[in-house]
Amino acid sequence: MTEEQAGPSGPDLTLGVALAELVDSGKLVGHVGDEEVLLVHSEKEVFAVGAHCTHYHAPLVDGFVVDHSLRCPWHHACFDLRTGEALRAPALDPIACWSVEQRDGKIFVQRKHEAAAPTLHAATSGKTPKNIVIVGGGAAGFAAAERLRRENYRGSIIMLSNEDVAPIDRPNLSKDYLAENAPEEWLPLRPDNFYSEHDIELRLGANATRIDARLREVALADGSRLSYDRLLIATGSEPIRLSISGASLPHVRTLRSLADCRAIIKHAETARRAVVLGASFIGLEVAASLRARGIDVHVIAPEKKPMERIFGSQMGDFVRALHEEHGVVFHLEDVANAIDEKRVTLGSGRVLEADLVVVGVGVRPRIELAEMAGLAIDRGIVVDSYLETNIPGIFAAGDVARWPDRYTGENIRVEHWVVAERQGRTAALNILGQREEFTAVPFFWSQHYDVPINYVGHAEKWDELQIEGDIASKDCLVHFKRNRRTLAVASIFRDIESLQAEITMEQIGAS
Numbered sequence: 006m007t008e009e010q011a012g013p014s015g016p017d018l019t020l021g022v023a024l025a026e027l028v029d030s031g032k033l034v035g036h037v038g039d040e041e042v043l044l045v046h047s048e049k050e051v052f053a054v055g056a057h058c059t060h061y062h063a064p065l066v067d068g069f070v071v072d073h074s075l076r077c078p079w080h081h082a083c084f085d086l087r088t089g090e091a092l093r094a095p096a097l098d099p100i101a102c103w104s105v106e107q108r109d110g111k112i113f114v115q116r117k118h119e120a121a122a123p124t125l126h127a128a129t130s131g132k133t134p135k136n137i138v139i140v141g142g143g144a145a146g147f148a149a150a151e152r153l154r155r156e157n158y159r160g161s162i163i164m165l166s167n168e169d170v171a172p173i174d175r176p177n178l179s180k181d182y183l184a185e186n187a188p189e190e191w192l193p194l195r196p197d198n199f200y201s202e203h204d205i206e207l208r209l210g211a212n213a214t215r216i217d218a219r220l221r222e223v224a225l226a227d228g229s230r231l232s233y234d235r236l237l238i239a240t241g242s243e244p245i246r247l248s249i250s251g252a253s254l255p256h257v258r259t260l261r262s263l264a265d266c267r268a269i270i271k272h273a274e275t276a277r278r279a280v281v282l283g284a285s286f287i288g289l290e291v292a293a294s295l296r297a298r299g300i301d302v303h304v305i306a307p308e309k310k311p312m313e314r315i316f317g318s319q320m321g322d323f324v325r326a327l328h329e330e331h332g333v334v335f336h337l338e339d340v341a342n343a344i345d346e347k348r349v350t351l352g353s354g355r356v357l358e359a360d361l362v363v364v365g366v367g368v369r370p371r372i373e374l375a376e377m378a379g380l381a382i383d384r385g386i387v388v389d390s391y392l393e394t395n396i397p398g399i400f401a402a403g404d405v406a407r408w409p410d411r412y413t414g415e416n417i418r419v420e421h422w423v424v425a426e427r428q429g430r431t432a433a434l435n436i437l438g439q440r441e442e443f444t445a446v447p448f449f450w451s452q453h454y455d456v457p458i459n460y461v462g463h464a465e466k467w468d469e470l471q472i473e474g475d476i477a478s479k480d481c482l483v484h485f486k487r488n489r490r491t492l493a494v495a496s497i498f499r500d501i502e503s504l505q506a507e508i509t510m511e512q513i514g515a516s
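Mapped onto the working numbering, the consecutive letters of the sequence shown carry residue numbers 6 to 516.
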C-alpha cells in the first residue's frame, strides 16, 4: 500500500488525545479528516499546526521548538505556532492552524483557521518611500518585494531582472531539477500572476547600466531611467568563466540561471560523458545530478581534496568517496588547459573525452553598478547591520552584501540562498524605516545523492576541527573552531543538533 493510499497517520485528533502523550517529546502527529496535524506543547500551551514544512515538505515533528516558534529540521525555516506564519526563509507560505480545546485531561482539535495574514507594521522612522526600485530578480530581490507587500506597503515597486523568467528556486537547478527528480513547474517561487496581483512591476530581461545616487535614478540599457526614493541592489553573483581555448564552445556551460540549466539538460539528453570543472558545491551537485541521468562524469579540480577549504580534510575525503561510490572519477591537483568539440586536455597532459563540459569554478559578486555609483566596496558592497550602504537610501542584500556579523564580530559575505532570502526580508523592513538589524546566523545545505550536508555559521579560517560521531557512517557534527570558539558547524543526518547549534549562535550573538 502506498503512502497516499494509507492516508494520514496518528490518532484522530477530533476525538481527543491525552495531554500526557505530549509530555515526553512535546510533539505528536495525528490527523483531522484527511490532513495530518502536529500537536505541539510549548510554554504551557498546546498548538495544532500543519505537520509538514511548506518549503520541501519536511516532517515538522522532527523540528525544534523555540518559545512560540517551530523550526524545520531540514533547511531551518521557522513558523509562528500561534498564527502559522512563515517567519524565516526558505519557507514562504504559512502552515495551517487549528483551534485546540482542553478538557478532562484530553486535547481536542476542532476548527481549521483561515490562513492568518502576517502582522502589518507602519514605518517607524523617516518618510515612507513612494518609489522603490529593486535591481535583481533572485532570492534577495524577490524576498524584499514580497515582504514589502506583506508589510502593507502601497507605493510603487519595480523589480529589474536580467533573466527571462520570474524568480525561481535556484538551489533546485543543480539538485533535483537537473537530476530529473523535480518538474520545472516546481521551480517558480510564485506563480506569474502573483506579481500583477500584488502590483509588483517585474521587468524581465532588464539590464541596469548605471545608478545616479545624486539624482536617485537608475539607467537601463534601453535608454530609460527610473527614479527611486529607496533602492535595493540585489544583483547576486555571476559564474567565473574560463579564458582557455574552447571555453566558448556550445557544449561548455556554466550553471546559474534556468536558461543555463535548460541548456545543460538539452546537452545531457545525448551526452555519454561529461567533464565537470570544479569540485565545490555547484560542481559536485552537478556531478551527482548528471550521474543520476546515467552519464559518465569526470571531475577536474586543482585542490587535493573536494571541498577541503570549506569542510576540512576528513569531510573532503568523505565527499570524494561518496561520489566515487556513485561512479564519479576525480582528477585532482589538475586543471583544464584546452577544450575542443570532443575532448578536454588537462595540465597534466591527460586527455578526457567529453560531450558536455560544465564549469563550476566559482562565482564573483556583481558589484560594478555599486562601484560606479560610489558605494563603499570591500570584496562586496559594504553595508551596516541594517543592510544600508554608505549612501543613505541605498541598500544591498544577498551575494553582493558584506555585513557585520554579530556572532563572529567580523564583516562577512555569504553566497547562499537562505541568507539572501533572509536579507531581502530585512532590507524590506529597513527600507520602510523599521530599523531591524540583520542578525540571522548563516545557513546552507548541499545535497549529494541521498546525503544532505547542513552548515550553520561562517568560518573562513579555523585552527581546530572537532568531530562528533562518524563522518564515514553519515552521522556526524563537525565543529570549526578558532581560538577554541566554534564559528561554524557542519552536520550529516544530525538535524536537531544543527538547529541547536544555530540557536546557540543566535543567543551568543545577541548577548
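Ideal Cβ placement from N, Cα and C applies to all residues, glycine included.
(request) Look at LEU504 and PHE69 and say whether their C-beta atoms are less than 7 Å apart. (result) yes
(message) Quick check on the burial criterion: 16 or more other C-beta atoms within 10 angstroms. Buried or exposed for LEU75?
(response) buried
(message) Looking only at its chain, what residues have a beta carbon closer than 7 Å to the beta carbon of ILE287, apart from the 5 residues adjacent to it on each side?
(response) SER179, LEU260 and GLY365
(message) Once the 5 residues before and after GLU313 are set aside, which same chain residues still bring their CB inside 7 Å of it?
(response) GLY321
(message) Suppose only complete runs of 3+ residues qualify. What are the beta strand (DSSP E) ranges in the segment 243-306, listed by chain order?
(response) 257-259, 278-282 and 301-306
(message) Output needed for GLU41: all residues of its chain with C-beta closer than 8 Å, excluding positions within five of it in sequence on either side, in chain order.
(response) PRO13, SER14, GLY15, VAL34, GLY35, GLY55, ALA56 and HIS57
(message) Which complete beta strand (DSSP E) runs does the segment 307-340 hold, if anything under 3 residues is left out?
(response) 334-337
(request) Pick helix, strand or coil for PHE443, following the three-state DSSP scheme. (result) coil
(message) For a test of the three-state rule: what should DSSP assign to GLY146, helix, strand or coil?
(response) helix
(request) Taking only the alpha-carbon atoms, compute the straight-line gap between ARG221 and ILE436 and give it to the nearest angstrom. (result) 15 Å
(message) Check for me: the beta strand (DSSP E) holding ARG430 runs from which residue to which?
(response) Unbroken run through ARG430 is the alpha helix (DSSP H), 422-436; no beta strand (DSSP E).
(message) Between ALA445, LYS310, LEU97 and ASP301, which has its C-alpha nearest SER285's C-alpha?
(response) LYS310
(message) If distances are taken between C-alpha atoms only, which option among ALA25, ASP109, ASP98 and ALA187 comes closest to ALA148?
(response) ASP98
(request) Measure the CB-CB distance between ALA425 and ALA145 and report whether it falls below 7 Å. (result) yes
(request) Determine the direct distance from the alpha carbon of LEU289 to that of PRO465, and round the result to whole angstroms. (result) In the sequence under discussion, the amino acid at residue 465 is Glu, which differs from the Pro named in the question. The alpha-carbon atoms of GLU465 and LEU289 are separated by roughly 20 Å.
(request) Spell out a yes or no on whether the segment 338-352 and the segment 227-238 are touching, meaning 3 or more CB-CB pairs, one atom from each, closer than 8 Å. (result) no
(request) Take the Cβ of GLU156 as the centre, count every other Cβ of all protein chains shown within 10 Å, and call the residue buried at 16 or more, exposed below. (result) buried
(message) Using the Cβ count rule (16 or more neighbours within 10 Å means buried), how would you classify GLU507?
(response) buried
(request) Tell me whether GLY518 sits in a helix, a strand or coil according to DSSP, three-state version. (result) This structure cannot speak to residue 518, because the chain is shown only from 6 to 516.
(request) State the Cα-Cα distance for the pair LEU374 and GLU206, rounded to the nearest angstrom. (result) 21 Å
(message) Please identify the residue among VAL37, LEU361 and VAL45 whose C-alpha is closest to the C-alpha of GLU26.
(response) VAL45
(request) Within its chain, find whatever has a CB closer than 7 Å to the CB of LYS479; leave out the 5 residues flanking it on each side and keep chain order. (result) VAL456, ILE497 and PHE498
(request) Express the C-alpha separation of ASP169 and SER253 in angstroms, rounding to a whole number. (result) 21 Å
(message) Closest to ALA359 by C-alpha separation, out of LEU263, ALA495, HIS272 and ALA378, would be which residue?
(response) HIS272
(message) Taking only three categories from DSSP, how would you classify ILE513?
(response) helix
(request) Can you grab the Cα-Cα spacing for the pair ALA82 / THR350, in whole Å? (result) 44 Å
(message) Nearest by alpha-carbon distance to ILE163: which of LEU183, ILE137 and HIS331 is it?
(response) ILE137
(message) On the DSSP bridge list, what partners appear for VAL66?
(response) For VAL66, which the question treats as bridged, DSSP gives no partner whatsoever.
(request) Would you identify the three-state DSSP class for TRP191, choosing helix, strand or coil? (result) helix
(request) Compute the distance between the beta-carbons of ALA276 and LEU361, then report whether it is under 7 Å. (result) yes
(message) Measuring only the C-alpha atoms, how far is PHE400 from ARG93?
(response) 20 Å
(message) Along the chain, where does the beta strand (DSSP E) containing PHE498 start, and where does it finish?
(response) Run containing PHE498: none; DSSP gives neither H nor E here.
(message) Rounding to the nearest angstrom, what Cα-Cα distance links THR394 and GLU420 in this structure?
(response) 18 Å
(request) Can you tell me which of the three DSSP states ILE417 falls into? (result) strand
(message) Quick check on VAL538: does DSSP put it in helix, strand or coil?
(response) The displayed coordinates of the chain run from 6 to 516. Any statement about residue 538 would go beyond what the structure contains.
(message) Using 7 Å as the threshold, is the C-beta distance between VAL405 and PRO370 below it?
(response) yes
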